[in-house]
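Participant: Handing you this structure, nothing more for now.
Numbering (the numbering used here), first residue to last: 25 to 303.
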């Protein structure tokens, strides 16, 4: 699962990209074999895409690089990309229309189009990989010594895969709903305030119910700390009427320890290991 999902995290499941990768090799080796060689289809593709869409792609490339490096707020993008504040809204609107960038607001915001809490991220999985791992490190990527690239920037790849797993958790939750492990929620999305954030929150105004989900791309089984932390963060979410019904779900690549599994049985917490509901 880990190997296949890691490849999915940088290909987005797009057949043209997925066919290039070898499912028998790990992510690092696939990048060395199929992305880094000069003239590789996967390296040329982003440049072709941008040159086809834009007559002068420099400003757009700067914005995509800034977002790829984790500058997700409007003010951060202005500073990192060197784009005038007055020009950035137009650039972002174009990138959103082309489905290269997406804007998110906290799921509880009642007027998302007017929200000032918006953050921006790259919609396309491969562009997210390219503009966070390859493009900012071109000198290392073009060096014969590939090892330096992976040693220096290993954390970037780990974060990329973890973020993709977090983004995909909504699909796992939807599956749990269809299996009647959870009730229906009419609206789902990320939530955050100035102090904290929750990976996924589901809302159902009709029955005043709310779902809190935390996702971990972990190497060891998760313990009760994650559940306790999620419960604590849930208290900061101002939504619904008094006496709202609260549900909790945890998603983890490497599963959960026995104590957490036992507590979850007693409290009705939904646990999803890899991509399957275990409780």
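C-beta atoms are modelled at their ideal positions from N, C-alpha and C, and glycine is treated no differently.
The alpha helix (DSSP H) with residue 162 in it runs from where to where?
Facilitator: Translated into the one-based positions of the chain shown, residue 162 becomes position 138. Residues 162–165.
Participant: Would you tell me roughly how many angstroms separate the C-alpha atoms of residue 243 and residue 54, rounded to the nearest one?
Facilitator: Position 219 of the chain shown, counted from the start, is the residue given in the question as residue 243. Position 30 of the chain shown, counted from the start, is the residue given in the question as residue 54. One C-alpha to the other measures close to 21 Å.
Participant: As a quick exercise: from 86, 34, 96, pick the residue whose alpha carbon is nearest that of residue 66.
Facilitator: Looking up residue 66 in the chain shown gives position 42. The option with the nearest alpha carbon to residue 66 is 34.
Participant: Tell me the rounded alpha-carbon separation between residue 114 and residue 204.
Facilitator: As a first step, residue 114 must be located in the chain shown, where it is residue number 90. As a first step, residue 204 must be located in the chain shown, where it is residue number 180. Approximately 44 Å between the Cα atoms of the pair.
Participant: Within this structure, are the beta carbons of residue 270 and residue 234 separated by less than 8 Å?
Facilitator: Here residue 270 refers to the residue found at position 246 of the chain shown. Here residue 234 refers to the residue found at position 210 of the chain shown. Going by C-beta atoms, residue 270 is nearer than 8 Å to residue 234.
Participant: Could you spell out where the beta strand (DSSP E) holding residue 226 opens and where it closes?
Facilitator: Mapped onto the chain shown, residue 226 falls at position 202. First-last of the beta strand (DSSP E) with residue 226: 221–228.
Participant: With which residues is residue 215 paired in a DSSP beta bridge?
Facilitator: Residue numbering aside, residue 215 sits at position 191 when the chain shown is read from its first letter. Bridge partners of residue 215: 222.
Participant: Taking just the CA atoms, how far does residue 279 sit from residue 109?
Facilitator: Here residue 109 refers to the residue found at position 85 of the chain shown. Here residue 279 refers to the residue found at position 255 of the chain shown. Each residue's alpha carbon lies about 45 Å from the other.
Participant: Thinking C-alpha only, which one of 118, 88, 122, 123 is nearest residue 106?
Facilitator: In the chain shown, residue 106 corresponds to position 82, counting from 1. Among 118, 88, 122, 123, the Cα nearest to that of residue 106 is on 88.
Participant: In three-state terms, what does DSSP make of residue 144?
Facilitator: Sequence index remark: in the chain shown, residue 144 carries index 120 (1-based). Strand.
Participant: So the alpha helix (DSSP H) residue 127 belongs to, where does it begin and stop?
Facilitator: Position 103 of the chain shown, counted from the start, is the residue given in the question as residue 127. Counting along the chain, residue 127 falls outside any alpha helix (DSSP H), though it belongs to the beta strand (DSSP E) covering 125–128.
Participant: Just how far apart, CA to CA, sit residue 177 and residue 56?
Facilitator: By one-based count along the chain shown, residue 177 stands at place 153. By one-based count along the chain shown, residue 56 stands at place 32. Roughly 14 Å separates the two Cα atoms.
Participant: Kindly confirm or deny that the stretch 256–275 and the stretch 209–223 touch, where touching means at least three C-beta pairs closer than 8 Å.
Facilitator: The answer is yes - the stretch 209–223 touches the stretch 256–275, with three or more Cβ pairs under 8 Å.
Participant: Any idea which residues DSSP pairs residue 271 with across the strands?
Facilitator: Stepping through the chain shown from its first residue, residue 271 is reached at position 247. Answer is 235.
Participant: Under three-state DSSP, which class holds residue 31?
Facilitator: Within the chain shown, residue 31 is the residue found at index 7, counting from 1. In the structure shown, residue 31 sits in a helix (DSSP, three-state: H, G or I).
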